[in-house]
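Student:
Residue numbers (the numbering used here): -5 to 165.
(1) Could you tell me the distance, in whole angstroms, from the CA atom of residue 12 to the CA atom of residue 32?
(2) For residue 19, which residues of its own chain have a beta-carbon under 6 Å away from its beta-carbon, when the five flanking residues on both sides are left out?
(3) Where does residue 62 sit, in a helix, a strand or coil, going by DSSP?
(4) Give the DSSP-derived three-state secondary structure of residue 26 in the structure shown.
(5) Between residue 124 and the rest of its own chain, which residues show a CB-CB distance below 6 Å, the 5 nearest in sequence each way excluded?
(6) List the DSSP bridge partners of residue 98.
(7) Taking 8 Å as the cut-off, does the stretch 64 to 77 touch the stretch 108 to 128 (at least 3 CB pairs, one atom from each stretch)?
(8) Going by the beta-carbon positions, is the gap between residue 112 and residue 72 smaller than 7 Å?
(9) In terms of residue numbering, what span does the beta strand (DSSP E) encompassing residue 136 cover?
(10) Using DSSP bridges, identify the partner residues of residue 122.
(11) In its own chain, which residues sit with a C-beta less than 6 Å from the C-beta of residue 82, not counting the 5 before and 5 after it?
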(Lines of atoms letter the chains of each structure in order from A and count residues from 1; the text may use other names and numbers.)
(Lines give C-alpha, C1' and ligand atoms only; values in the text may rest on other atoms or scores of the structure.)
Protein backbone atom coordinates (compact mmCIF):
# COMPACT_ATOMS: atom_id res chain seq x y z
CA UNK A 1 0.00 0.00 0.00
CA UNK A 2 1.36 3.42 -0.94
CA UNK A 3 1.20 6.29 1.50
CA UNK A 4 0.68 9.95 0.58
CA UNK A 5 4.25 10.61 1.58
CA UNK A 6 5.60 7.93 -0.73
CA UNK A 7 3.54 9.03 -3.71
CA UNK A 8 4.64 12.63 -3.18
CA UNK A 9 8.36 12.00 -2.58
CA UNK A 10 9.21 8.38 -3.31
CA UNK A 11 8.15 5.82 -5.85
CA UNK A 12 6.48 7.43 -8.90
CA UNK A 13 5.73 4.25 -10.81
CA UNK A 14 4.54 0.71 -10.28
CA UNK A 15 7.82 -0.73 -9.04
CA UNK A 16 7.81 -2.54 -5.73
CA UNK A 17 9.58 -0.55 -3.02
CA UNK A 18 12.16 -1.09 -0.34
CA UNK A 19 12.52 0.96 2.83
CA UNK A 20 15.62 3.00 3.56
CA UNK A 21 16.41 0.70 6.48
CA UNK A 22 16.27 -2.46 4.35
CA UNK A 23 19.24 -1.34 2.24
CA UNK A 24 21.23 0.22 5.09
CA UNK A 25 24.89 -0.85 5.38
CA UNK A 26 27.33 -0.39 8.25
CA UNK A 27 31.06 -1.12 8.13
CA UNK A 28 33.77 -0.54 10.73
CA UNK A 29 37.51 -0.17 10.07
CA UNK A 30 40.34 0.22 12.55
CA UNK A 31 42.81 2.89 11.42
CA UNK A 32 46.12 1.11 10.89
CA UNK A 33 49.65 2.39 10.22
CA UNK A 34 49.19 2.03 6.45
CA UNK A 35 46.09 4.29 6.63
CA UNK A 36 47.75 7.36 8.18
CA UNK A 37 49.65 10.33 6.79
CA UNK A 38 52.78 12.02 8.16
CA UNK A 39 50.75 13.88 10.79
CA UNK A 40 49.30 10.64 12.17
CA UNK A 41 45.84 11.26 10.72
CA UNK A 42 43.74 9.04 8.49
CA UNK A 43 44.40 9.78 4.81
CA UNK A 44 41.36 11.53 3.30
CA UNK A 45 41.75 9.31 0.23
CA UNK A 46 41.59 6.15 2.34
CA UNK A 47 38.38 7.38 3.98
CA UNK A 48 37.00 8.18 0.50
CA UNK A 49 37.81 4.60 -0.57
CA UNK A 50 35.97 3.18 2.44
CA UNK A 51 33.01 5.52 1.84
CA UNK A 52 32.74 4.36 -1.78
CA UNK A 53 32.77 0.72 -0.67
CA UNK A 54 29.96 1.29 1.85
CA UNK A 55 27.97 3.36 -0.63
CA UNK A 56 28.36 0.67 -3.28
CA UNK A 57 27.22 -2.06 -0.88
CA UNK A 58 24.17 0.00 0.04
CA UNK A 59 23.26 0.60 -3.62
CA UNK A 60 23.77 -3.09 -4.43
CA UNK A 61 21.50 -4.10 -1.56
CA UNK A 62 18.80 -1.78 -2.81
CA UNK A 63 19.06 -2.60 -6.51
CA UNK A 64 20.03 -6.29 -6.22
CA UNK A 65 22.46 -5.59 -9.08
CA UNK A 66 26.06 -4.62 -9.58
CA UNK A 67 26.61 -0.86 -9.49
CA UNK A 68 29.16 1.68 -10.64
CA UNK A 69 29.97 4.99 -8.98
CA UNK A 70 28.67 7.85 -11.14
CA UNK A 71 29.47 10.83 -8.92
CA UNK A 72 30.45 12.09 -5.52
CA UNK A 73 28.42 15.23 -4.92
CA UNK A 74 29.50 16.16 -1.46
CA UNK A 75 32.34 15.08 0.79
CA UNK A 76 32.59 17.18 3.94
CA UNK A 77 35.37 16.50 6.46
CA UNK A 78 34.28 17.46 9.99
CA UNK A 79 36.89 15.88 12.25
CA UNK A 80 39.94 13.65 12.11
CA UNK A 81 40.62 10.01 12.83
CA UNK A 82 43.99 8.81 14.13
CA UNK A 83 45.95 5.59 14.47
CA UNK A 84 43.95 2.81 16.22
CA UNK A 85 40.67 4.75 16.05
CA UNK A 86 37.59 2.82 14.93
CA UNK A 87 35.85 4.42 11.95
CA UNK A 88 32.20 3.46 11.50
CA UNK A 89 30.47 4.21 8.19
CA UNK A 90 26.71 3.99 7.66
CA UNK A 91 25.17 4.06 4.19
CA UNK A 92 21.51 4.82 3.41
CA UNK A 93 19.69 5.21 0.09
CA UNK A 94 18.20 8.72 -0.16
CA UNK A 95 16.78 8.72 -3.70
CA UNK A 96 16.07 6.27 -6.53
CA UNK A 97 15.71 7.25 -10.17
CA UNK A 98 15.38 5.00 -13.20
CA UNK A 99 18.86 3.41 -13.16
CA UNK A 100 20.52 5.59 -10.51
CA UNK A 101 20.46 5.80 -6.73
CA UNK A 102 21.83 8.41 -4.37
CA UNK A 103 23.42 7.10 -1.17
CA UNK A 104 24.36 9.10 1.91
CA UNK A 105 27.33 7.78 3.87
CA UNK A 106 28.00 9.12 7.36
CA UNK A 107 31.37 8.35 8.94
CA UNK A 108 32.12 8.43 12.66
CA UNK A 109 35.09 7.97 14.96
CA UNK A 110 33.97 5.59 17.70
CA UNK A 111 35.72 5.53 21.07
CA UNK A 112 36.17 2.57 23.39
CA UNK A 113 32.77 3.08 25.08
CA UNK A 114 30.86 3.40 21.81
CA UNK A 115 30.49 7.19 21.65
CA UNK A 116 30.53 8.37 18.03
CA UNK A 117 31.93 11.66 16.73
CA UNK A 118 30.94 12.59 13.16
CA UNK A 119 33.98 12.89 10.89
CA UNK A 120 32.46 12.95 7.41
CA UNK A 121 29.25 13.04 5.39
CA UNK A 122 29.19 12.14 1.71
CA UNK A 123 26.56 11.86 -1.01
CA UNK A 124 27.32 9.52 -3.90
CA UNK A 125 25.38 8.47 -6.98
CA UNK A 126 25.47 4.88 -8.24
CA UNK A 127 24.09 3.35 -11.42
CA UNK A 128 22.76 -0.23 -11.55
CA UNK A 129 24.47 -2.16 -14.35
CA UNK A 130 24.45 -5.53 -16.08
CA UNK A 131 27.51 -7.78 -15.70
CA UNK A 132 28.67 -6.20 -18.98
CA UNK A 133 28.49 -2.71 -17.44
CA UNK A 134 25.36 -1.46 -19.24
CA UNK A 135 22.93 0.67 -17.18
CA UNK A 136 19.68 -1.06 -16.25
CA UNK A 137 16.56 0.07 -14.38
CA UNK A 138 16.61 -0.25 -10.59
CA UNK A 139 13.86 -2.81 -9.91
CA UNK A 140 12.82 -1.20 -6.60
CA UNK A 141 11.60 2.26 -5.77
CA UNK A 142 12.27 3.83 -2.39
CA UNK A 143 9.65 3.93 0.33
CA UNK A 144 10.01 7.34 1.96
CA UNK A 145 8.75 7.44 5.54
CA UNK A 146 8.84 10.43 7.86
CA UNK A 147 10.16 13.97 7.66
CA UNK A 148 13.85 12.99 7.76
CA UNK A 149 13.57 10.72 4.74
CA UNK A 150 11.39 13.30 2.95
CA UNK A 151 14.08 15.94 3.48
CA UNK A 152 16.76 13.57 2.16
CA UNK A 153 14.64 12.85 -0.96
CA UNK A 154 14.12 16.57 -1.61
CA UNK A 155 17.82 17.29 -1.04
CA UNK A 156 18.74 14.53 -3.50
CA UNK A 157 16.50 16.10 -6.15
CA UNK A 158 18.22 19.47 -5.61
CA UNK A 159 21.67 17.87 -5.90
CA UNK A 160 20.56 16.10 -9.08
CA UNK A 161 19.47 19.42 -10.64
CA UNK A 162 22.78 21.01 -9.66
CA UNK A 163 24.71 18.12 -11.26
CA UNK A 164 22.77 18.60 -14.49
CA UNK A 165 23.43 22.35 -14.48
CA UNK A 166 27.16 21.82 -13.89
CA UNK A 167 27.27 19.28 -16.71
CA UNK A 168 25.57 21.73 -19.11
CA UNK A 169 28.04 24.46 -18.12
CA UNK A 170 30.99 22.04 -18.27
CA UNK A 171 31.77 23.08 -14.69
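Glycine is no exception: its CB is placed at the ideal position from the N, C-alpha and C atoms.
Tutor: In terms of the structure at hand:
(1) Position 18 of the chain shown, counted from the start, is the residue given in the question as residue 12. Position 38 of the chain shown, counted from the start, is the residue given in the question as residue 32. Cα to Cα, the separation comes out at about 44 Å.
(2) For this step, residue 19 is matched to residue 25 along the chain shown. For residue 19, where only same-chain residues beyond five positions count, the Cβ hits under 6 Å are 48, 51, 52 and 85.
(3) One-based indexing of the chain shown puts residue 62 at position 68. DSSP places residue 62 in strand when its eight states are reduced to three.
(4) Position 32 of the chain shown, counted from the start, is the residue given in the question as residue 26. Residue 26 falls in the coil class under three-state DSSP.
(5) By one-based count along the chain shown, residue 124 stands at place 130. So the qualifying residues of the chain are 130.
(6) Stepping through the chain shown from its first residue, residue 98 is reached at position 104. According to DSSP, which records beta bridges pairwise, residue 98 is partnered with 86 and 117.
(7) yes
(8) Taking the first residue of the chain shown as 1, we reach residue 112 at position 118. Taking the first residue of the chain shown as 1, we reach residue 72 at position 78. It is a contact, given that the beta carbons lie within the stated cut-off.
(9) Here the question's residue 136 lines up with position 142 in the chain shown. Looking at the DSSP string, the run of the beta strand (DSSP E) that includes residue 136 is 135 to 137.
(10) Within the chain shown, numbered from 1, the residue matching residue 122 stands at position 128. According to DSSP, which records beta bridges pairwise, residue 122 is partnered with 61.
(11) To locate residue 82, count along the chain shown from 1; it is residue 88. Once the five neighbours on either side are set aside, the close Cβ partners of residue 82 are 22, 102 and 104.
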